[in-house]
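Number of protein chains: 2
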Amino acid sequence: MKTLTTGEIAKMCDVNLRTVIRWIDRGDLKGFKLPGRGNNRVQLEDFLHFLQAHGMPIPPELSSEENSRILIIDDEAAVARSIGRVLRSAGYDTEIANDGFQGGSLLMKQQPALVTLDLRMPGISGYDVLKFIRTTPETATTKVIVISALDQPSLQRALDEGADAVLSKPFDNQQLTDLVKALLPLQGQQHTSPAE
Amino acid sequence: MKTLTTGEIAKMCDVNLRTVIRWIDRGDLKGFKLPGRGNNRVQLEDFLHFLQAHGMPIPPELSSEENSRILIIDDEAAVARSIGRVLRSAGYDTEIANDGFQGGSLLMKQQPALVTLDLRMPGISGYDVLKFIRTTPETATTKVIVISALDQPSLQRALDEGADAVLSKPFDNQQLTDLVKALLPLQGQQHTSPAE
DNA sequence: AAGATAGATGTCTCAAATGTCATGTTAGCC
DNA sequence: GGCTAACATGACATTTGAGACATCTATCTT
Numbered sequence: 001m002k003t004l005t006t007g008e009i010a011k012m013c014d015v016n017l018r019t020v021i022r023w024i025d026r027g028d029l030k031g032f033k034l035p036g037r038g039n040n041r042v043q044l045e046d047f048l049h050f051l052q053a054h055g056m057p058i059p060p061e062l063s064s065e066e067n068s069r070i071l072i073i074d075d076e077a078a079v080a081r082s083i084g085r086v087l088r089s090a091g092y093d094t095e096i097a098n099d100g101f102q103g104g105s106l107l108m109k110q111q112p113a114l115v116t117l118d119l120r121m122p123g124i125s126g127y128d129v130l131k132f133i134r135t136t137p138e139t140a141t142t143k144v145i146v147i148s149a150l151d152q153p154s155l156q157r158a159l160d161e162g163a164d165a166v167l168s169k170p171f172d173n174q175q176l177t178d179l180v181k182a183l184l185p186l187q188g189q190q191h192t193s194p195a196e
Numbered sequence: 001m002k003t004l005t006t007g008e009i010a011k012m013c014d015v016n017l018r019t020v021i022r023w024i025d026r027g028d029l030k031g032f033k034l035p036g037r038g039n040n041r042v043q044l045e046d047f048l049h050f051l052q053a054h055g056m057p058i059p060p061e062l063s064s065e066e067n068s069r070i071l072i073i074d075d076e077a078a079v080a081r082s083i084g085r086v087l088r089s090a091g092y093d094t095e096i097a098n099d100g101f102q103g104g105s106l107l108m109k110q111q112p113a114l115v116t117l118d119l120r121m122p123g124i125s126g127y128d129v130l131k132f133i134r135t136t137p138e139t140a141t142t143k144v145i146v147i148s149a150l151d152q153p154s155l156q157r158a159l160d161e162g163a164d165a166v167l168s169k170p171f172d173n174q175q176l177t178d179l180v181k182a183l184l185p186l187q188g189q190q191h192t193s194p195a196e
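Written as structure tokens, this is what we have:
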């Protein structure tokens, strides 16, 4: 049962800490007090309910926890589409990048929970991409599955450089979805509303 | 998630606070209300959309922060460093991307005011990059200077596809800084003042 | 061209909500 | 056990929303 402190809520709502405490005291926001001096805690669920009840936007760091976005980086359009089909039917939101530039842009823009990465793309080394993802704070924890037709040592090198998993081409669809499910355990409980 | 109050918006638009509230109530400007008495908050992003949709000028305090950042996309490290040196000495903040992936990532992450783009990079077409930048809302208004050793028709094509300016290699340093200054008019007041 | 009209914006005032600051305490972390 | 950052609280400053009304602006009528 995840809980939030007043400070965390204050930051997320871009509001003063004092104001959050007043919301709780007034009963607008449901919370409870710790025994010590009465520090406030709010259950995540109650906070989300509060946001929704007042038409307030949901901070990105909360919606990203149940993030189901997957970015597919592969220069072969057919392969990318195939991967996309498999993952979409498993309930994930997929986005396809056909070249390195799109890959980098969409990675930063959408902050997906997982990336499937082709090691061999024209003009760019998959290892460099991997290294970049791992050394960039925003994406350091993003899951990466390397998909490649290269030999075993190449795949091992990818693992050494930070890939969460590797998959050798050609791959089995079930293998892929199993891997993704294993890496995104939070997925599947909740789905974002299509509104707005 | 940065938000603005009605008062802040009123000042930036040089308009009465009452009017801002009416914009929100009427639905012209998207906002939300805090639980207390319904104090309004507007997300920065929504405000910018509102300004753009109505052709209103963007207040300097909102654009200035990202106004001197320049992203240099060039696979030849020596060239990139050279460009960076010139622009830094002209007072701009520069960042270098050596491949398409870094280019895309840094573009989205830093939202620079201007990009210098090499047309011919391994595995990726500069035209595709240009098109991507122009069709992505976040970067549609980013200035792009194409720097290339290709022939005149190729440069013309870059202009046709949305480049703000082109520069044929090899280029003169003065040419480059002049171009940048022309494209970033707000910049330079703070750095280039040999007067007094 | 002058006047009428409707809609938008500015002004004023007041109560309520939020922000700020200082202070003392606690919780979390070595 | 000690230390630092986070937290609660009170007092006070500031901002804000709402109603009522004046003023402005563009458009239409005559």
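Chains as they are written, first to last, in UniProt numbering: chain P, 1 to 196; chain X, 1 to 196. Note that beta-carbon positions come from the ideal geometry of N, C-alpha and C, so glycine has one too. Computed from a predicted structure; not experimentally measured.
Measure the beta-carbon distance from residue i to residue j and round it to whole angstroms, keeping in mind my assumption that it falls under 8 Å.
i                : j                : result
Val42 (chain X)  : Thr177 (chain X) : With a Cβ gap of about 37 Å, Val42 (chain X) and Thr177 (chain X) do not count as contacting.
Ser105 (chain P) : Leu119 (chain X) : With a Cβ gap of about 18 Å, Ser105 (chain P) and Leu119 (chain X) do not count as contacting.
Count the other CB atoms within 10 Å of the CB of residue i; is the residue buried (16 or more) or exposed (fewer)?
i                : result
Ser88 (chain P)  : The question names Ser, yet the displayed sequence has Arg at residue 88 (chain P). Arg88 (chain P) should be labelled exposed.
Pro112 (chain P) : buried
Gln102 (chain P) : buried
Lys109 (chain P) : buried
Arg44 (chain X)  : What sits at residue 44 (chain X) in the sequence shown is Leu, not Arg. Per the 10 Å Cβ criterion, exposed.
Thr141 (chain X) : exposed
Leu48 (chain X)  : exposed
Thr116 (chain P) : buried
Gly27 (chain X)  : exposed
Thr135 (chain P) : exposed
Thr3 (chain X)   : buried
Taking the alpha carbon of residue i as the reference point, which residue from the options has its own alpha carbon closest?
i                : options                               : result
Ser82 (chain X)  : X:Ala149, X:Gly38, X:Glu161, X:Asn173 : X:Asn173
Asn39 (chain X)  : P:Ile124, P:Met56, P:Ser168, P:Lys181 : P:Met56
Ser125 (chain X) : P:Pro122, P:Trp23, P:Ser68            : P:Pro122
Gly162 (chain X) : X:Pro59, X:Lys11, X:Lys143            : X:Lys143
Val15 (chain P)  : X:Ser168, X:Asn16, X:Gly36            : X:Gly36
Cys13 (chain X)  : X:Phe101, X:Ala149, X:Leu29, X:Lys131 : X:Leu29
Lys181 (chain X) : X:Ile9, X:Ile70, X:Lys11, X:Leu48     : X:Ile70
Tyr127 (chain P) : P:Pro137, P:Ile147, P:Glu138          : P:Ile147
Ile24 (chain P)  : P:Leu130, P:Lys2, P:Phe50, P:Asp151   : P:Phe50
Met1 (chain P)   : P:Gly27, P:Asp46, P:Thr19             : P:Asp46
Gln175 (chain X) : X:Pro153, X:Pro137, X:Arg157, X:Ala90 : X:Ala90
Val129 (chain P) : X:His54, X:Lys131, X:Asp151, X:Gly100 : X:Gly100
Give the range of the beta strand (DSSP E) segment to which residue i is assigned.
i                : result
Ser148 (chain P) : 143-148
Glu95 (chain X)  : 93-97
Arg37 (chain X)  : Taken as a continuous stretch (DSSP letters only), Arg37 (chain X) belongs to no beta strand (DSSP E), as it is neither H nor E.
Ala165 (chain P) : 165-168
Asp28 (chain P)  : Asp28 (chain P) -> no beta strand (DSSP E), and no H or E assigned at all.
Asp160 (chain P) : Segment 152-160 is the alpha helix (DSSP H) holding Asp160 (chain P); no beta strand (DSSP E) there.
Asp46 (chain X)  : From DSSP, Asp46 (chain X) is part of no beta strand (DSSP E) but of the alpha helix (DSSP H) over 44-53.
Leu119 (chain P) : First-last for Leu119 (chain P): undefined, no H or E at that position.
Please list the terminal residues of the continuous alpha helix (DSSP H) segment that includes residue i.
i                : result
Ser63 (chain P)  : 60-63
Thr135 (chain P) : 126-135
Leu87 (chain X)  : 77-89
Leu184 (chain X) : Where Leu184 (chain X) is concerned, there is no enclosing alpha helix (DSSP H), given that its DSSP letter is neither H nor E.
Thr6 (chain P)   : 6-13
Leu106 (chain P) : 100-110
Between which residues of its own chain and residue i is the CB-CB distance below 8 Å, once the five residues before and five after are set aside?
i                : result
Ile21 (chain P)  : Thr6, Asn40
Lys33 (chain P)  : Asn39, Asn40, Arg41
Leu183 (chain X) : Leu114, Lys143, Ile145, Asp164, Ala165
Arg157 (chain P) : Tyr127
Ser154 (chain P) : Leu119, Ser148
Lys131 (chain P) : Glu161, Gly162
Tell me which same chain residues have a C-beta within less than 6 Å of the C-beta of residue i, skipping the five on either side of it?
i                : result
Gly84 (chain P)  : Ile72, Thr94, Ile96
Asp74 (chain P)  : Ala80, Asp118
Ala195 (chain P) : Model confidence at Ala195 (chain P) stands at a pLDDT of 36, short of 50, so the residue's coordinates are unreliable and nothing is read from them.
Ile58 (chain X)  : Leu51
Going along the chain, which residues of its own chain have a beta-carbon closer than 7 Å to the beta-carbon of residue i, five neighbours each way excluded?
i                : result
Leu159 (chain P) : Val166
Asn98 (chain X)  : Asp75, Ala77, Ala80
Thr139 (chain X) : Leu107, Ile133
Leu17 (chain X)  : Thr6, Gly7, Ala10
Lys169 (chain P) : Ile147, Ser148, Ala149
Leu179 (chain X) : Ile145, Ala165, Leu167
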